[in-house]
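A.B. asks: Protein chains in written order, with the numbering used here: chain P, 408 to 801; chain X, 4 to 142.
All residues carry an ideal CB built from backbone N, CA and C; glycine is no exception.
Note that the coordinates shown come from a computational prediction; the quantities given were computed from them, not determined experimentally.
(1) Leaving out five residues on either side along the sequence, give the residues of the same chain with a beta carbon under 6 Å from the beta carbon of residue 34 of chain X.
(2) Taking residue 621 of chain P as the reference, give the member of P/503, P/642, P/571, P/606 with the closest Cα.
(3) List the residues that DSSP assigns as beta-bridge partners of residue 522 of chain P.
(4) Interface residues of chain C around residue 126 of chain X at Cβ under 8 Å?
(5) Got a sec? Which residues, its chain only, sit under 6 Å from residue 21 of chain X by beta carbon, not counting five neighbours each side?
(6) For residue 700 of chain P, is the classification buried or exposed, using 16 other Cβ atoms within 10 angstroms of its Cβ as the cut-off for buried?
(7) Tell me whether residue 586 of chain P sits in a helix, a strand or coil according to DSSP, three-state version.
(8) So which residues of chain X does residue 563 of chain P contact, with C-beta pairs closer than 8 Å?
(9) The beta strand (DSSP E) spanning residue 136 of chain X covers which residue range?
(10) Run through chain P and tell me which residues come within less than 7 Å of residue 22 of chain X, C-beta to C-beta.
(11) Taking only beta-carbon positions, decide if residue 106 of chain X is within less than 9 Å of chain P.
(12) Out of P/614, P/419, P/753, state which residue places its alpha-carbon closest to the alpha-carbon of residue 802 of chain P.
(13) If contacts are defined as beta-carbon pairs under 8 Å, then residue 448 of chain P and residue 422 of chain P qualify, I think. What distance do you get, rounded to the angstrom?
(14) Should residue 528 of chain P be labelled buried (16 or more other beta-carbon atoms within 10 Å of its own) or exposed?
(15) Can you look up residue 122 of chain X in the DSSP assignment and give me helix, strand or coil?
(16) My output table needs one value for residue 692 of chain P: the three-state DSSP class, helix, strand or coil.
(17) Bridge partners of residue 793 of chain P, per DSSP?
(18) Between residue 608 of chain P and residue 765 of chain P, what straight-line distance do the alpha-carbon atoms span, to the nearest angstrom?
(19) Quick check on residue 790 of chain P: buried or exposed, where buried means 16 or more other Cβ atoms within 10 Å of its Cβ?
(20) How would you list, in chain order, the residues of chain X whose beta-carbon sits under 9 Å from the beta-carbon of residue 714 of chain P?
(21) Using only the alpha-carbon positions, how far apart do residue 140 of chain X and residue 93 of chain X sit?
(22) Let me know the secondary structure DSSP gives residue 414 of chain P once reduced to three states.
(23) Under 7 Å Cβ-Cβ, which residues of chain P neighbour residue 15 of chain X?
(24) At which residues does the alpha helix (DSSP H) containing residue 438 of chain P begin and terminate?
(25) Mind checking who residue 98 of chain X pairs with in its DSSP beta bridge?
(26) Out of X/64, X/72, X/39, X/62, point me to the one whose CA is closest to residue 56 of chain X's CA.
(27) Within the same chain, show all residues whose beta-carbon is closer than 8 Å to that of residue 606 of chain P, passing over the 5 residues directly before and after it, in chain order.
(28) Do you know offhand how far residue 711 of chain P's Cα is from residue 450 of chain P's?
(29) What residues of chain X sit near residue 574 of chain P, judged by a beta carbon separation below 8 Å?
(30) Out of P/783, P/565, P/723, P/484, state which residue places its alpha-carbon closest to the alpha-carbon of residue 667 of chain P.
(31) Taking all protein chains shown into account, do 16 or more other C-beta atoms lie within 10 angstroms of the C-beta of residue 775 of chain P, making it buried, or fewer, making it exposed?
(32) Give the secondary structure of residue 425 of chain P by DSSP, where H, G and I count as helix, E and B as strand, and everything else as coil.
(33) Using DSSP with H/G/I as helix, E/B as strand and the rest coil, what is residue 704 of chain P?
(34) Of the choices P/410, P/466, P/545, whose alpha-carbon is the least far from that of residue 523 of chain P?
(35) Consider the Cβ of residue 568 of chain P: report whether some Cβ of chain X lies at a distance smaller than 9 Å.
(36) Using beta carbons (cut-off 9 Å, strictly below), is residue 618 of chain P in contact with chain X?
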């Protein structure tokens, strides 16, 4: 396997499952994860005990380990486990990459990737002022060199990048808002979207309160509870399964340099996706212009714009104008986050992006279906700019 | 200008290892950054190995304390109780003339008047008896 192109279309997603997304739950992360897992396994039409690989994107799924999955699913011989916690929000696509490698190399036959986000019921930013013990856990360099200056939350670090983008390229507040408005429109079409039934206009966006300039409340992703899971296998095995497979044509992970500290990068707008996207397109043998839709990791609007650029859909610096005039809405040039994204469906750390991409490529998305979609992109963004990308094909 | 009680412990640096050394210089009103003792390349935040010449030898090199505004954000939602009374405040990345960039505050100017490239110079905010922060103001 000397050439990554050999991995093209060799593995596929054959099962998906997703619980309801909520703001608050009485269920444990393990319970939610197992519910989503059983949906995905049933969707694939395999027996739970056929799973022989478990990739836990963040390594600890709300306290549940790979061993918990083995115990619950009756996996007597769990062959492969892996996790990608350092990738942060890019962990879902990097987990898929891990599954691709494990399957294509023949190490195992069926890999489960489950994930629960417990962002409403678990400790989270909204409680930080009232309860310091809920402060986000920070790396030493953040604790010692950023936080003494009141910088300790992701929107702040990321706002530095957005400000720099505005300075260099003239990106406007309304262009950030166009991302938020598009996500909200799409959420109206998804029955499992937190913001369904709560439409939002550009005027609503502009009137929303500031969090950390240039980010307003509506530039920031949701805090929600819910789990999802997907099952992967080889293209060969998929032939006998219930669902039409969705193939992984290209997949890659990447990092800015240095990967952690944002301020001391020579170019703070260099992101991991700048490195991973060309690798993924080369593996898939396709170009950005071939892509029918993109599920972009929209933790914050400016980060979505950066990724749209780095995924090759427009030139660096042109992401702001690219997101205007309905270009990224259904029916536009490149529909982005057809489920509403982290901004308006739910924050499931892009598990929901993977599931939506698979659903689109099964052509089963009803009124939000991208017509005749054949190729879709999913990106992940995490930490201080790690970037992963999957190019999926039906 | 502030009292210790406004600053919950979790927001102060933990004075151990290289952070202890960095902040000891700040307390002496002497801004220094870690530099490779062999090839003289600055690095910040501190780390063990020079990524240019792979020397483990380090020194704390003084800087002039002047630099330029690189980028910023204006915090308008608190990340902890200690910050409520300061909001809105600009958390600024300043690029020192010698190269390293730091997260800091630029004081003495309303956040909406900050400009990229604005020249600034260091001042020392004696936050607690142990911790002095290197902040900046327009030149």
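C.D. replies: Reading off the structure:
(1) Taking the first residue of the second chain as position 1, residue 34 of chain X is located at position 31. The beta carbon of residue 34 of chain X sits closer than 6 Å to those of 66, 68, 125, 137, all from its chain and outside the five residues before and after it, given in chain order.
(2) Sequence index remark: in the first chain, residue 621 of chain P carries index 214 (1-based). Looking at the Cα atoms, P/571 is the closest of the given residues.
(3) Position 115 of the first chain, counting from 1, holds the residue named residue 522 of chain P. Residue 522 of chain P pairs with P/635.
(4) Structure shown: chain C not included; protein chains present are P and X.
(5) Position 18 of the second chain, counting from 1, holds the residue named residue 21 of chain X. Hits under 6 Å: 49.
(6) On the first chain, position 293 is the one that residue 700 of chain P refers to. Flag for residue 700 of chain P reads buried.
(7) One-based indexing of the first chain puts residue 586 of chain P at position 179. Residue 586 of chain P falls in the helix class under three-state DSSP.
(8) The residue labelled residue 563 of chain P in the question sits at position 156 within the first chain. Those within 8 Å of residue 563 of chain P in chain X are 76, 78, 82, 94.
(9) As a first step, residue 136 of chain X is located in the second chain; it is residue number 133 there, counting from the start. It spans 135–141 - the beta strand (DSSP E) in which residue 136 of chain X sits, taken as one unbroken run.
(10) Position 19 of the second chain, counting from 1, holds the residue named residue 22 of chain X. Those are 551, listed as they occur along chain P.
(11) Within the second chain, numbered from 1, the residue matching residue 106 of chain X stands at position 103. Closer than 9 Å to some Cβ of chain P, the Cβ of residue 106 of chain X qualifies, so yes.
(12) Residue numbering for chain P in the displayed model covers 408 to 801; residue 802 of chain P lies beyond these limits and cannot be assessed.
(13) Reading the first chain from its first residue, position 41 is the one you call residue 448 of chain P. Reading the first chain from its first residue, position 15 is the one you call residue 422 of chain P. At roughly 6 Å, the Cβ-Cβ gap stays under 8 Å, so residue 448 of chain P and residue 422 of chain P are in contact.
(14) Within the first chain, residue 528 of chain P is the residue found at index 121, counting from 1. Under this definition residue 528 of chain P is a buried residue.
(15) Along the second chain, read from residue 1 onward, the residue named residue 122 of chain X stands at position 119. Of the three classes helix, strand and coil, the one that applies to residue 122 of chain X here is strand, per DSSP.
(16) For the purposes of this step, residue 692 of chain P is identified with residue 285 of the first chain, where counting begins at 1. Residue state, collapsed to three classes: coil.
(17) Against the first chain, residue 793 of chain P aligns to sequence position 386. Paired residue(s): P/789.
(18) The residue labelled residue 608 of chain P in the question sits at position 201 within the first chain. The residue labelled residue 765 of chain P in the question sits at position 358 within the first chain. One C-alpha to the other measures close to 29 Å.
(19) Working through the first chain from its first residue, we reach residue 790 of chain P at position 383. Buried, by the Cβ-count rule.
(20) The residue labelled residue 714 of chain P in the question sits at position 307 within the first chain. Chain X residues near residue 714 of chain P: none, gap ~19 Å exceeds 9 Å.
(21) As a position in the second chain, residue 140 of chain X is number 137, starting the count at 1. As a position in the second chain, residue 93 of chain X is number 90, starting the count at 1. About 12 Å.
(22) Position 7 of the first chain, counted from the start, is the residue given in the question as residue 414 of chain P. Helix.
(23) To locate residue 15 of chain X, count along the second chain from 1; it is residue 12. In chain order: 555.
(24) The count along the first chain starts at 1 and reaches residue 438 of chain P at position 31. Per DSSP, residue 438 of chain P belongs to the alpha helix (DSSP H) from 436–451.
(25) For the purposes of this step, residue 98 of chain X is taken as residue 95 along the second chain, with counting starting at 1. According to DSSP, which records beta bridges pairwise, residue 98 of chain X is partnered with X/71, X/104.
(26) Reading the second chain from its first residue, position 53 is the one you call residue 56 of chain X. Ranking the options by Cα distance to residue 56 of chain X, first place goes to X/39.
(27) Your numbering for residue 606 of chain P matches position 199 in the first chain. If we look at residue 606 of chain P and ignore the five residues flanking it on each side, its Cβ neighbours are 591, 592, 595.
(28) Along the first chain, read from residue 1 onward, the residue named residue 711 of chain P stands at position 304. Along the first chain, read from residue 1 onward, the residue named residue 450 of chain P stands at position 43. So the alpha carbons of these two residues sit roughly 30 Å apart.
(29) Taking the first chain and counting its residues from 1, the one referred to as residue 574 of chain P is at position 167. Within 8 Å Cβ-Cβ: 74, 119.
(30) To locate residue 667 of chain P, count along the first chain from 1; it is residue 260. The candidate whose alpha carbon is nearest that of residue 667 of chain P is P/565.
(31) Along the first chain, one-based indexing puts residue 775 of chain P at 368. Buried.
(32) Here residue 425 of chain P is taken as the residue at index 18 of the first chain, counted from 1. The answer is strand: DSSP assigns residue 425 of chain P an E or B state.
(33) Within the first chain, the letter at position 297 stands for residue 704 of chain P. Assignment of residue 704 of chain P by DSSP, reduced to helix, strand and coil, places it in the coil class.
(34) Position 116 of the first chain, counting from 1, holds the residue named residue 523 of chain P. Taking only the C-alpha atoms, the option nearest residue 523 of chain P is P/466.
(35) For the purposes of this step, residue 568 of chain P is taken as the residue at position 161 of the first chain. Yes, residue 568 of chain P lies at the interface with chain X (some Cβ there is under 9 Å from its Cβ).
(36) The sequence position of residue 618 of chain P within the first chain is 211, counting from 1. Chain X contact via Cβ: present.
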